[in-house]
Amino acid sequence: MIEREEENISKSVTNTNAPQEEREFEVGLRPQSLGEFIGQDDLKENLSIFIEAAKKRDEPIEHVLLYGNPGLGKTTLAHIIAKELGSQIRVTSGPALERVGDLAAIISNLGRGDVLFIDEIHRMNKTIEEILYPAMEDYALDIIVGKGPTARTLRLSLERFTIIGATTRLSLLSAPLRDRFGAVHHLNFYEDDHIEKIITRSAGLLETPIDPEASKLLSSRSRRTPRIANRLLRRVRDFADVRADGTVSTPVCEQALKMLNVDHVGLDETDRRILKAIIEKFDGGPVGLSTIAAATQEEIQTIEDVHEPFLIQVGFLKRTPRGRMATKHAYKHLGLST
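Here it is as structure tokens:
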């Protein structure tokens, strides 16, 4: 039973589908301004100029598209943009917009300069997407009333608003939708020193004492991703409260990370299982993504969105036209012979 609980804890650290309590925890740690936002310096500078220019002209900013791996701060930046503009923000997601009426109800109630944030915009229904085109370009909503020969198109005028879209899969966005965004920004993985600052800031907000060396150790295991850094911090804080005096010291941090099965590079049990499957079952590859998913009993999208980008980033996995292959660094890390 204990082993199962520890496995679930370990998986939740990198799982993008976080439970409600995790989401509430992350919201409480979000920076509220571009000045508080740590990392992504080039992006922040571009956004600050973009926002300041719009404020000087007293007009809404152009539509913004943010893309990058999960947990890098797309949702946080959307809220910051709205706050910097002094605008209201409405939040929805691509899968939630199932009917034209859903979209019409939201955007028809937006005021001038308001922000509509659409998460996972690449998963939006194509019918909804086509309705969105005139709304983004002409600030008008075309609705078909009736059916058959008596059907007619009704055009509703909208206030000038801004859509901020977020996606982990830019390639899945259609070209017509992508071209309607005036600003497209990519979020990169963070540097370790930025992650360290994020951990120190989060520990302060949580009123958790943390040693500088422990903060550095935690940042090196956080896969260069703020969301994972904050989740690891929460797990380590729990461990420190139960097994120590509440202070996150280096020894406490090491023990907690060992219990979570997070190694010195930041790989968790699932990462290692993926690499071992490629090496031991398929001679190091090349092997297709669906085959890896079947061998590891993980979802294809989870492997592709959560695990694969980091494994490629640290040089343990490479993509080829024939499939995925484990590198010599992966063999060395796992203690396996090539």
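By my numbering, the letter at position 99 of the sequence shown is numbered 1326, and the numbering carries on one by one without gaps. We put the beta carbon where it would ideally sit given N, CA and C, even for glycine.
- If one requires a minimum length of 3 residues, the beta strand (DSSP E) runs lying completely within the segment 1404-1459 are 1410-1413, in chain order.
- Across the structure, V1411 and I1391 are spaced so that their CA atoms are roughly 10 Å apart.
- With 16 or more other Cβ atoms inside 10 Å of its own Cβ, A1456 counts as buried.
- Residues of the same chain with a CB within less than 7 Å of the CB of L1460, apart from the 5 flanking positions on each side, are I1426, S1429, A1430 and L1445 in chain order.
- Counting every other CB atom within 10 Å of its CB across the protein chains shown gives Q1524 a total below 16, marking it as exposed.
- Counting only runs that start and end inside the segment 1242-1305, the beta strand (DSSP E) elements of at least 3 residues fall at 1291-1294.
- For D1329, the enclosing alpha helix (DSSP H) begins and ends at V1327 to I1334.
- For K1545, the three-state secondary structure derived from DSSP is strand.
- Taking 8 Å as the cut-off, the Cβ atoms of G1512 and R1450 do not count as close.
- Listed in chain order, the non-local C-beta contacts of T1303 below 6 Å within the same chain comprise R1257, local neighbours out to five positions each way being set aside.
- Ranked by Cα distance from L1399, the first of M1363, I1437, E1356 and E1418 is E1356.
- Taking 8 Å as the cut-off, the beta carbon of I1422 is found no closer than this to the beta carbon of P1403.
- The segment 1497-1509 and the segment 1474-1481 do not touch, with fewer than 3 CB-CB distances between them shorter than 8 Å.
- Non-local C-beta neighbours of I1437 in its own chain, meaning closer than 6 Å and more than five positions away in sequence, comprise A1430 and V1475, ordered along the chain.
- Beta bridge pairing from DSSP links T1380 with I1371.
- Taking the C-beta atoms as reference points, A1367 is found nearer than 8 Å to L1383.
- Residue burial is scored here from C-beta neighbours: D1285 has fewer than 16 other C-beta atoms within 10 angstroms and is therefore classed as exposed.
- Here DSSP, grouped into helix, strand and coil, assigns A1553 to strand.
- Non-local beta-carbon contacts of V1463 in its own chain, meaning distances under 6 Å to residues more than five positions away in sequence, involve V1475, C1480 and A1483 in chain order.
- Distance from the Cα of R1407 is smallest, within the candidate group L1433, P1361, G1542 and R1379, for P1361.
- With fewer than 16 neighbouring CB atoms inside 10 Å of its own CB, H1491 falls in the exposed class.
- With contacts defined as CB atoms closer than 8 Å, F1543 and H1556 qualify as a contacting pair.
- Relative to P1548, the option among K1271, F1466 and V1514 whose CA is nearest is V1514.
- S1275 has its alpha-carbon roughly 10 Å from the corresponding atom of G1262.
- Sixteen is the threshold: since fewer than 16 other Cβ atoms of the shown chains lie within 10 Å of the Cβ of Q1259, the residue is exposed.
- Counting along the chain, R1317 sits inside the beta strand (DSSP E) bounded by residues I1316 to S1320.
- Take L1292, set aside five residues on each side of it, and the residues of its chain with a beta-carbon closer than 6 Å to its own are G1392, F1408 and V1411, in chain order.
- For V1342, the three-state secondary structure derived from DSSP is strand.
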